[in-house]
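Numbering (our numbering), first residue to last: 14 to 255.
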């Protein structure tokens with residue numbers, strides 16, 4: 014695993030956007046999986062600016078959703094799908110046929126898992142997956158103790174994830190119990206996995222993920238087994254690395 018440390022969140026966002034753009038320049042029809050959440054928002058804004066400036070052409074990219082809160086419709090404010098619509102899909106006018114996202118309202122969630130896995134089996138693996146990392150080290154909604162050999166999976170959410178996740182919903186505060194997510198096996202099969210972490214509050218989890226034993230107790234540590242993983246940190250997130 015490579016580790017890059019950038020001076021501040023702005024430089025981190027620029028570097029991550031450049032990685033994504035480089036992937037698309039090399040393969041215009043790239044299959045990307047981009048995480049939701051606060052951390053990558055600035056990177057997506059930079060990527061859109063690069064598109065407007067003609068520095069990259071995202072018009073043929075296919076997007077696969079990383080995860081979703083079970084029980085929330087796609088347009089629910091704060092849902093993963095709604096976030097991606099706001100930050101990427103909407104501004105780029107991405108047509109529905111180039112978006113593969115979990116329907117977290119489906120009656121048969123296992124069928125949803127099979128649908129996404131079947132798409133990846135035919136069109137994948139992912140060319141690049143951009144991941145954030147939870148306070149507990151989760152990747153997507155693969156929580157501590159997760160299966161390491163699974164494709165798409167329905168997970169029981171860790172209390173830390175439930176608590177932190179409420180920040181996305183303002184005053185609505187939906188009941189969060191389960192997630193549906195790309196599994197560790199799908200992430201490990203990606204040609205490139207990028208872990209983006211910003212801020213001192215995650216510095217201890219970064220240390221555990223990068224310097225303690227690899228295992229599913231800290232799912233992010235599993236990326237150290239990936240053939241082409243890059244950890245992108247700002248100095249605050251890297252502050253506890255020895």
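Glycine residues also receive a C-beta, built at the ideal position from the N, C-alpha and C atoms.
Under 7 Å, do residue i and residue j count as touching if we go by C-beta distance?
i           : j           : result
residue 144 : residue 193 : no
residue 43  : residue 140 : yes
residue 152 : residue 232 : yes
residue 114 : residue 158 : no
residue 27  : residue 59  : yes
residue 184 : residue 20  : no
residue 45  : residue 74  : yes
residue 203 : residue 107 : no
residue 218 : residue 150 : yes
residue 93  : residue 110 : no
residue 61  : residue 22  : no
residue 117 : residue 83  : yes
residue 30  : residue 56  : yes
Could you tell me which residues DSSP puts in a beta bridge with residue i?
i           : result
residue 166 : 194
residue 75  : 44
residue 245 : 17, 209
residue 113 : 77
residue 155 : 152
Spatial neighbours of residue i within its chain, please: C-beta separation below 8 Å, excluding the five flanking residues on both sides.
i           : result
residue 175 : 189, 190
residue 40  : 140
residue 14  : 223, 236, 237, 239, 242, 243, 244
residue 86  : 92, 117, 118
residue 95  : 87, 88, 89
Let me know the secondary structure DSSP gives residue i once reduced to three states.
i           : result
residue 181 : helix
residue 69  : coil
residue 130 : helix
residue 142 : strand
Return the Cβ separation of residue i and residue j in integer angstroms, given the expectation that the two are a contact with Cβ distance under 8 Å.
i           : j           : result
residue 210 : residue 146 : 5 Å
residue 16  : residue 225 : The Cβ separation is near 15 Å, so there is no contact.
Return the chain-ordered list of same chain residues with a C-beta closer than 6 Å to the C-beta of residue i, the five sequence neighbours on each side being excluded.
i           : result
residue 164 : 130, 196, 198, 199
residue 205 : 141, 241
residue 162 : 198
residue 132 : 113
residue 230 : 157
residue 76  : 45, 112
Please list, in chain order, all residues of the same chain as residue i whose beta carbon is under 7 Å from its beta carbon, the five residues on each side excluded.
i           : result
residue 220 : 253, 254
residue 38  : 69
residue 155 : 168, 194, 196, 197, 232
residue 138 : 202, 203, 204
residue 50  : 145
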